[in-house]
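Shown next, in C-alpha cells, is the structure this report addresses.
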Amino acid sequence: MSGEHPATGTRPRVRDAAGGASAVAHPNIALIKYWGKRDERLLLPWTDSLSMTLDIFPTTTRVRLAASAGRDEVLLDGVPARGEARRRVVAFLDLVRERAGLSRRAVVDSVNTVPTGAGLASSASGFAALAVAAAAAYGLGLDATGLSRLARRGSGSASRSVFGGFAAWYAGPSAGPDREADLASFAEPVPAGGLDPALVIAVVDAGPKAVSSREAMRRTVATSPLYRPWADSSGDDLAQMRAALLRGDLEAVGEIAERNALGMHATMLAARPAVRYLSPATLSVLDGVLQLRRDGVAAYATMDAGPNVKVLCRRADAHRVADAVRAAAAQGAVHIARPGPGARLLGEGEDGR
Ligand code: 2P0
Numbered sequence: 038m039s040g041e042h043p044a045t046g047t048r049p050r051v052r053d054a055a056g057g058a059s060a061v062a063h064p065n066i067a068l069i070k071y072w073g074k075r076d077e078r079l080l081l082p083w084t085d086s087l088s089m090t091l092d093i094f095p096t097t098t099r100v101r102l103a104a105s106a107g108r109d110e111v112l113l114d115g116v117p118a119r120g121e122a123r124r125r126v127v128a129f130l131d132l133v134r135e136r137a138g139l140s141r142r143a144v145v146d147s148v149n150t151v152p153t154g155a156g157l158a159s160s161a162s163g164f165a166a167l168a169v170a171a172a173a174a175y176g177l178g179l180d181a182t183g184l185s186r187l188a189r190r191g192s193g194s195a196s197r198s199v200f201g202g203f204a205a206w207y208a209g210p211s212a213g214p215d216r217e218a219d220l221a222s223f224a225e226p227v228p229a230g231g232l233d234p235a236l237v238i239a240v241v242d243a244g245p246k247a248v249s250s251r252e253a254m255r256r257t258v259a260t261s262p263l264y265r266p267w268a269d270s271s272g273d274d275l276a277q278m279r280a281a282l283l284r285g286d287l288e289a290v291g292e293i294a295e296r297n298a299l300g301m302h303a304t305m306l307a308a309r310p311a312v313r314y315l316s317p318a319t320l321s322v323l324d325g326v327l328q329l330r331r332d333g334v335a336a337y338a339t340m341d342a343g344p345n346v347k348v349l350c351r352r353a354d355a356h357r358v359a360d361a362v363r364a365a366a367a368q369g370a371v372h373i374a375r376p377g378p379g380a381r382l383l384g385e386g387e388d389g390r
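With the numbering used here applied, the sequence shown covers 38 to 390.
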C-alpha cells in the first residue's frame with residue numbers, strides 16, 4: 038500500500054497550518070432508496086440502498102480545534118447554526134471526540150454550493166464533508182470504510198457520499214449486538230460498466246418540506262401496511278440494479294430506479310396519516326418522462342423526500358431531456374449532473390469547487 042487514502046486521495050491526519058482540516062463532498066441521489074431506520078441512535082437502516090454521487094453542488098467544510106473550552110462554534114454558510122441543525126452537528130462532534138479521546142471543542146465552517154432554494158437536501162454532502170474534515174482534525178486516521186460508517190451517524194445518506202460514482206450502503210444484520218451492526222453498516226463503491234449517465238434535476242418547488250424525512254420515515258415504518266412489502270422487494274431491486282450497472286444497461290437501471298422510488302412513495306401514501314411529497318408539478322414532469330420514453334428516449338424518474346424530480350438518462354440525451362422536463366415543469370430550474378467524485382481532504386489553499 039502506498040499510504041494513499043482511498044476516499045480522500047491524500048493521507049489521513051493531514052491538518053493545515055492552524056491545526057484545522059478541510060474537506061469537500063458532493064450530494065448523492067439514491068437509485069435504490071433508503072427509507073426507514075431500525076436504530077435511530079446508530080442510524081441503521083432497514084434496507085440496503087444504492088446511489089450515484091453527483092458532480093455538482095459540493096459542500097466544503099473546515100474543522101479547527103478551538104483554543105478555549107466553551108461550546109462548539111458552527112457556521113453554516115457563514116451564519117451560526119441554531120436548533121436542530123446545530124444539535125446534529127454538535128452530537129456528531131461529540132461522537133468524534135469520544136472516539137479520539139479528546140474533549141477540545143471545534144470551530145466548524147461549512148459552505149454549501151447548492152443554490153438557495155434548489156430544493157435539494159445537503160445533509161449527505163454536509164455530513165460526508167464534516168466526517169472527513171473532523172476525522173482529520175481530531176486525528177482519527179480512518180480508512181474510507183471507517184469514514185463512511187462515521188458519516189452515517191450524521192445522516193444515513195452521507196455514508197454513500199464518501200464515495201464517488203455509484204455506491205451501495207449496507208444495512209448490516211438486523212439482529213445481534215450493536216457493535217456488530219455498527220461495524221457492518223457502511224457504503225462501498227459499486228462497479229458500473231460502460232455507463233455514461235446524466236441526472237437531470239427538475240426543481241419544481243424550492244420551498245421547505247412540510248414533513249421532515251426523519252419524521253416521514255418514522256411514521257411510514259410505524260404505520261404503513263405497504264412498508265414491509267416494499268422493504269422486501271427493495272432487496273431484489275438492489276440485486277438486479279447491481280447486475281444492470283455492471284452490464285451498463287441504462288434502460289434496466291432506470292426502470293429499477295423508477296419502480297423502487299414509486300414504491301417508496303407508495304409506502305408513504307399508505308402511512309397514517311399519509312405523507313405526500315409528490316405535487317401536481319411532480320406528476321406533470323412524470324408525464325413528460327413517459328412522453329420522452331414514447332419518443333424513444335431512455336429517461337427514468339426518481340423522487341426523494343420532496344416534489345422535485347431527478348431524471349436518469351444517457352449523457353448524450355441530457356439536453357433534450359432537460360428541455361422536455363423544463364417544458365413539463367412550467368417553471369423552476371433544471372440542473373444537469375453527472376457522476377461525481379468521493380469526499381476528500383483539501384490541501385492548503387484549495388477551495389474544493
Ligand atoms: C435516500 N432519502 O436514500 C433517501 C430517499 C430521502 C428519500 O436519505 O435521517 O437525510 O439523516 O438518515 O439521509 C434522506 O434522508 O436521513 C434520504 P437521516 P437522510 O437518499
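The beta carbon of each residue, even a glycine, is placed where N, CA and C say it ideally should be. Predicted, not measured: the structure shown is a model, and the values here were computed from it.
Is DSSP giving A188 helix, strand or coil here? Here residue 188 corresponds to residue number 151 of the sequence shown, with the count starting at 1. In this structure, A188 counts as helix in the three-state DSSP scheme.
Within its chain, find whatever has a CB closer than 6 Å to the CB of A365; leave out the 5 residues flanking it on each side and keep chain order. Locating residue 365 in the sequence shown gives position 328, where the first residue counts as 1. Closer than 6 Å at the Cβ level, and outside the excluded window around A365, lie S321, V322 and G325.
Using three-state DSSP, classify I93 as helix, strand or coil. Counting from one through the sequence shown, the residue named residue 93 turns up at place 56. Residue state, collapsed to three classes: coil.
Can you tell me whether DSSP reads S316 as helix, strand or coil? Counting from one through the sequence shown, the residue named residue 316 turns up at place 279. It is coil, neither helix nor strand.
Per DSSP, which one or two residues make a beta bridge with G57? Here the question's residue 57 lines up with position 20 in the sequence shown. Listed as beta-bridge partners of G57 by DSSP are R101.
Inter-residue spacing [alpha-carbon to alpha-carbon] between S270 and A208: By one-based count along the sequence shown, residue 270 stands at place 233. By one-based count along the sequence shown, residue 208 stands at place 171. When rounded, the distance between both Cα atoms is 15 Å.
Do D114 and S147 have their C-beta atoms closer together than 9 Å? Within the sequence shown, residue 114 is the residue found at index 77, counting from 1. Within the sequence shown, residue 147 is the residue found at index 110, counting from 1. Yes, the Cβ-Cβ distance between D114 and S147 is below 9 Å.
Put V322 into one of helix, strand or coil per three-state DSSP. Taking the sequence shown and counting its residues from 1, one reaches residue 322 at position 285. If DSSP states are grouped into helix, strand and coil, V322 belongs with the helices.
The ligand GDP heavy atoms versus the CB of N345: any closer than 8 Å? Among the ligands in the structure shown, the ligand GDP does not appear; only the ligand 2P0 can be found there.
Confirm the yes/no value for this check: CB of Y71, any heavy atom of the ligand 2P0, distance under 8 Å. Numbered from 1 along the sequence shown, position 34 holds the residue referred to as residue 71. With a cutoff of 8 Å, Y71 counts as near the ligand 2P0, since its C-beta is closer than that to a heavy atom of the ligand.
Between the beta-carbon of H372 and the beta-carbon of I238, is there less than 9 Å? In the sequence shown, the residue the question calls residue 372 occupies position 335. In the sequence shown, the residue the question calls residue 238 occupies position 201. With respect to I238, H372 sits close: the two C-beta atoms are nearer than 9 Å.
What residue range is occupied by the uninterrupted alpha helix (DSSP H) comprising V334? Here residue 334 corresponds to residue number 297 of the sequence shown, with the count starting at 1. Looking at the DSSP string, V334 is not in any alpha helix (DSSP H), and its letter there is neither H nor E.
For F94, count neighbouring C-beta atoms within 10 Å of its own C-beta (all shown protein chains included) and say buried if the count is 16 or more, exposed if not. Translated into positions along the sequence shown, residue 94 becomes position 57. By the neighbour-count rule (16 or more Cβ atoms within 10 Å), F94 is buried.
When every heavy atom of the ligand 2P0 is checked, does at least one fall within less than 8 Å of the C-beta of K246? Position 209 of the sequence shown holds residue 246. No, the beta carbon of K246 sits no closer than 8 Å to any heavy atom of the ligand 2P0.
Can you confirm whether L102, when its beta carbon is compared against all beta carbons of chain B, has any partner nearer than 9 Å? No chain B appears in the structure shown, which is made up of a single protein chain.
Buried or exposed for R331, going by 16 or more other Cβ atoms inside 10 Å? Start at 1 with the first residue of the sequence shown, and residue 331 comes out as number 294. So R331 ends up on the exposed side.
Does the segment 71-82 touch the segment 246-257, meaning 3 or more C-beta pairs lie closer than 8 Å? In this structure the segment 246-257 touches the segment 71-82; the number of beta carbon pairs closer than 8 Å is three or more.
Assess, as a yes-or-no matter, whether the segment 188-203 is touched by the segment 65-78 under the definition of 3 or more beta carbon pairs within less than 8 Å. Contact holds: three or more Cβ-Cβ distances are below 8 Å.
By how many angstroms is the C-alpha of T98 removed from the C-alpha of L391? The chain is shown only over 38 to 390; residue 391 falls outside these bounds and no answer can be derived.
Backbone secondary structure at W267 - three-state DSSP: Indexing the sequence shown from 1 puts residue 267 at position 230. Shown here, W267 sits in a helix according to DSSP, grouped into three states.
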